[in-house]
Amino acid sequence: MKRVLTALVLLPFFIFALWASNPYYWIGWVVAGTLLGLREFYALAERVGCRPDRWLGYATALIVLFAFQQQNAFLIVGSLLLLLALTLALSLFTAERFETVLIESAVTVAGVLYIAVALGFLILLRVSVEATTAARLLSLFFLIIFAGDTAAYYVGRARGRRKLAPRVSPGKTIEGAIAGMLGSGLAALGGKFWFFRDLPIEHALTLALVLNAIGQIGDLIESMLKRGAKVKDAGQLLPGHGGILDRADSILLNAPIIYIYSRILLS
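This note's numbering numbers the first residue of the sequence shown as 2 and each following residue consecutively.
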């Protein structure tokens, strides 16, 4: 029940940010999600004895998102290189054990890459594509992902018998994965006929297949990170869902995909 109530509370604000003519509502949503997700990522790292440079990571994440909004690839690459250089340089004075410097610097940069760079593509899509087209693409993107996640969750709990990846996530089942794929496909068709009528049906179904497959990989990656940190959820911010990373695990790897597709669609 908590899962449904959380979705009902957040959904109106999410849809408003997605469709608002002013892109800064959407940018604000992505910025908040990025910082909260990065906080959870670094907390997972700390649980296994790693000490990432949190504040350097947060600052770089903001610069990266600003660079996406400005469509400045050089600033994105430069800020990541600067982050690596700064974490290594600061370690000269702050490191308790030099044996961990490389790992801690790598984890600091990895968090920004995994979360800020990934979600930055959702900002780039919004600001580089005509507003209504961007809103329709992003709506279809999230509809496919959330429908797949929901179908996999409920069918897996009710009917799941065969384990999908027992070593990584014992709760995930093959039945749930198949249901998730079907749920994404039906959602793609629904979105196509509801608000994206000019989208070719083969595009809608291909998107559903690709986004769901990659989303399930992203889900397993996050499960692996949580298992390594010996936690059930990455956070507790969203009742019934866990943390931001628990909700965004299917989104992170897919965000660059939907941006690339937007370039193909509009070429």
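Every residue, glycine too, gets a C-beta built ideally from N, C-alpha and C.
Contact belief for residue i with residue j at Cβ below 8 Å, rounded distance in angstroms
{"i": "Gly229", "j": "Val49", "result": "6 Å"}
{"i": "Leu37", "j": "Leu238", "result": "7 Å"}
{"i": "Glu41", "j": "Leu246", "result": "5 Å"}
{"i": "Leu190", "j": "Ala214", "result": "Their Cβ separation, rounded to whole angstroms, is 17 Å, which puts Leu190 and Ala214 out of contact at 8 Å."}
{"i": "Phe269", "j": "Pro257", "result": "The structure shown does not extend to residue 269, since the chain is modelled only from 2 through 268, so no value can be given for it."}
{"i": "Val113", "j": "Gly58", "result": "6 Å"}
{"i": "Ile259", "j": "Phe142", "result": "5 Å"}
{"i": "Gln217", "j": "Ala178", "result": "6 Å"}
{"i": "Leu144", "j": "Ala135", "result": "Going by Cβ atoms, the distance from Leu144 to Ala135 rounds to 15 Å, so no, they are not a contact pair."}
{"i": "Leu283", "j": "Val31", "result": "Within the shown structure, residues of the chain are numbered from 2 to 268, placing residue 283 beyond reach of any answer."}
{"i": "Ile28", "j": "Gln70", "result": "6 Å"}
{"i": "Thr7", "j": "Pro240", "result": "5 Å"}
{"i": "Leu267", "j": "Val130", "result": "7 Å"}
When the options are compared against residue i, the one with the closest alpha-carbon
{"i": "Ala180", "options": "Ile146, Asp199, Gly219", "result": "Ile146"}
{"i": "Leu91", "options": "Gly79, Thr109, Ala74, Val78", "result": "Thr109"}
{"i": "Gly79", "options": "Phe15, Thr95, Ala62, Phe94", "result": "Ala62"}
{"i": "Ala159", "options": "Glu131, Ala68, Thr174", "result": "Thr174"}
{"i": "Ala18", "options": "Leu165, Ile124, Tyr260", "result": "Ile124"}
{"i": "Ser263", "options": "Ile64, Tyr155, Ile16, Ala132", "result": "Ala132"}
{"i": "Ala117", "options": "Gly184, Leu187, Ile64", "result": "Ile64"}
{"i": "Val211", "options": "Leu226, Asp199, Met182, Phe194", "result": "Met182"}
{"i": "Leu87", "options": "Gln70, Ala60, Phe69", "result": "Ala60"}
{"i": "Ile104", "options": "Ala119, Tyr115, Leu85", "result": "Leu85"}
{"i": "Ala111", "options": "Ser22, Arg98, Arg52, Val31", "result": "Arg52"}
{"i": "Thr101", "options": "Ser140, Leu82, Asp54, Ala68", "result": "Asp54"}
{"i": "Val5", "options": "Val31, Leu82, Tyr155", "result": "Tyr155"}
{"i": "Trp56", "options": "Ile261, Leu39, Leu138", "result": "Leu39"}
{"i": "Ile222", "options": "Tyr115, Leu200, Val31, Phe67", "result": "Tyr115"}
{"i": "Ser185", "options": "Ala166, Ala152, Leu165", "result": "Ala152"}
{"i": "Pro171", "options": "Leu139, Phe67, Phe197, Asp220", "result": "Asp220"}
{"i": "Ala107", "options": "Gly236, Leu89, Phe99, Arg98", "result": "Leu89"}
{"i": "Pro306", "options": "Ser224, Glu97, Ile202, Ala21", "result": "Residue 306 lies beyond the range of the chain shown here (2 to 268); nothing can be said about it."}
{"i": "Leu139", "options": "Glu203, Asp150, Phe99, Trp20", "result": "Trp20"}
{"i": "Lys227", "options": "Asp250, Pro24, Phe14, Asp150", "result": "Asp250"}
{"i": "Arg162", "options": "Glu176, Leu208, Asp150", "result": "Glu176"}
{"i": "Phe196", "options": "Thr207, Gly243, Arg137", "result": "Arg137"}
Residues bridged to residue i (per DSSP)
{"i": "Thr61", "result": "Paired residue(s): none; Thr61 is not in a bridge."}
{"i": "Lys164", "result": "Thr174"}
{"i": "Gly243", "result": "Leu239"}
Three-state secondary structure (DSSP) of residue i
{"i": "Gly157", "result": "helix"}
{"i": "Pro53", "result": "coil"}
{"i": "Asp199", "result": "coil"}
{"i": "Gln72", "result": "coil"}
{"i": "Ala90", "result": "helix"}
{"i": "Leu254", "result": "coil"}
{"i": "Ala21", "result": "coil"}
{"i": "Val1", "result": "This structure cannot speak to residue 1, because the chain is shown only from 2 to 268."}
{"i": "Val232", "result": "coil"}
{"i": "Glu97", "result": "coil"}
{"i": "Val113", "result": "helix"}
{"i": "Val102", "result": "helix"}
{"i": "Val169", "result": "coil"}
- Item | Segment contact flag, the stretch 43-57 with the stretch 213-233, C-beta cutoff 8 Å, min 3 pairs | Touching, per the Cβ criterion.
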